[in-house]
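The structure appears right after this line, and notes come after that.
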Amino acid sequence: MASAYEVDTWLAMNQVTVEGDDLPRPVFEFAEASFPPYVTDMLLANFKKPTVIQSISWPIALSGRDMVSIAKTGSGKTLAFILPAIVHTAGQSPRGHQKSPSVLVLLPTRELAQQVDEVAKLYCKVMNLSVTCLFGGAPKSEQARDLERGVDVIIATPGRLMDFLEAGKTDLRRCTFLVLDEADRMLDMGFEPQIRKVVSQIRVLT
């Protein structure tokens with residue numbers, strides 16, 4: 001593990017600011033991230049080392065802390081949040097016949113939702129977890145079938161998710177990991193009422 005001096009030097013070199021009390025130190029190698037071995041193997045097969053946002057986000061998210069991250073497109077932010085989310089849901093009690101997910105990722109657009117879904121499916125597959133992507137502009141029937149079978153991870157735009165919640169096709173009683181990707185953009189697009197309704201249904205861990 002890197003020393004406090006090494007971490008401070010690394011943060012300064014990468015022009016990164018981290019705020020918070022008693023935060024876990026960044027990880028500089030995939031093996032330090034406490035992921036299951038097969039996830040680490042997948043990462044090593046495709047990347048040399050974590051990006052800056054991944055190095056900082058993984059240990060914080062895996063510790064169960066709330067966090068806000070600001071990073072540019074192309075920084076590796078999708079893996080920064082989706083891998084802790086998947087590891088989190090894998091550690092929950094078996095879903096059994098319950099249909100509610102334990103992870104919800106909200107995004108502003110169909111295109112972004114589909115991009116994140118592609119990444120999530122790769123890692124959910126190796127961990128035997130189910131994922132579905134809910135967005136407008138597509139028939140509801142196939143998405144509804146996924147929800148009827150039950151899923152571990154939902155990736156969704158706010159409007160389409162609210163449609164299914166209000167229709168009773170799914171619920172968020174088991175959801176304990178929430179990601180708001182591009183939250184500022186969702187607010188700019190007028191999704192605040194839907195986001196507030198969704199957040200009010202999330203299970204709070206104590």
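For the sequence shown, position 140 (counting from the first letter as 1) is numbered 140 according to full-length UniProt numbering, and the numbering increases by one without interruption.
Where is the CB? At the ideal position from N, CA and C, for every residue including glycine.
Notebook entry, point to check: With a cut-off of 8 angstroms, do at least 3 Cβ pairs link the segment 83 to 94 to the segment 106 to 115?
Noted result: no
Kindly confirm or deny that the segment 13 to 22 and the segment 51 to 61 touch, where touching means at least three C-beta pairs closer than 8 angstroms. yes
| Between the C-alpha atoms of Ala85 and Ala156, what's the straight-line distance to the nearest angstrom? | 15 angstroms
Neighbourhood of Gln201 by C-beta, 8 angstroms cutoff - its chain only, sequence neighbours within 5 removed:
Excluding positions up to five away in sequence, the list reads Leu165, Asp171, Leu172, Arg173, Cys175.
CA-to-CA distance, Asp117 to Gly150, given in whole angstroms | 16 angstroms
May I ask you to report which of helix, strand or coil DSSP gives Val16? Correct three-state label for Val16: coil.
- request: Could you spell out where the alpha helix (DSSP H) holding Leu187 opens and where it closes?
  value: 183 to 188
Check your understanding: Secondary structure at Phe28, three-state DSSP: helix, strand or coil?
Key -> coil
Notebook entry, point to check: So which of Lys72, Tyr38, Tyr123 has the shortest CA-CA distance to Val153?
Noted result: Tyr123
_Short of 7 angstroms in beta carbon distance, which residues of its chain neighbour Ala31, apart from the five on each side in sequence? Order them along the chain._
Around Ala31: Thr40.
Look at the alpha carbon of Ala80 and the alpha carbon of Pro139, and state the distance between them as a whole number of angstroms. When rounded, the distance between both Cα atoms is 30 angstroms.
Do Leu161 and Val198 have their beta-carbon atoms positioned less than 9 angstroms apart in this structure?
yes
For Phe177, name the three-state secondary structure that DSSP assigns. strand
- Hey, out of Arg145, Asp181, Phe177, whose CA is closest to Ser158's CA? The identity of residue 158 in the sequence shown is Pro, whereas the question assumes Ser. Considering only alpha carbons, the answer is Asp181.
Helix, strand or coil for Val116, going by three-state DSSP, please let me know.
The answer is helix: DSSP assigns Val116 an H, G or I state.
Please report how far the alpha carbon of Ile82 lies from the alpha carbon of Ala120, in whole angstroms.
6 angstroms
Less than 7 angstroms between C-beta atoms, sequence neighbours within five positions excluded: which residues of the same chain meet that for Leu44? Phe30
**Message:** I'd like the list of long-range same chain contacts for Phe191, defined as Cβ closer than 6 angstroms, with 5 residues on each side in sequence excluded.
**Reply:** Pro158
Q.
I need the boundaries of the beta strand (DSSP E) containing Ala156, first residue and last residue.
A. 153 to 156
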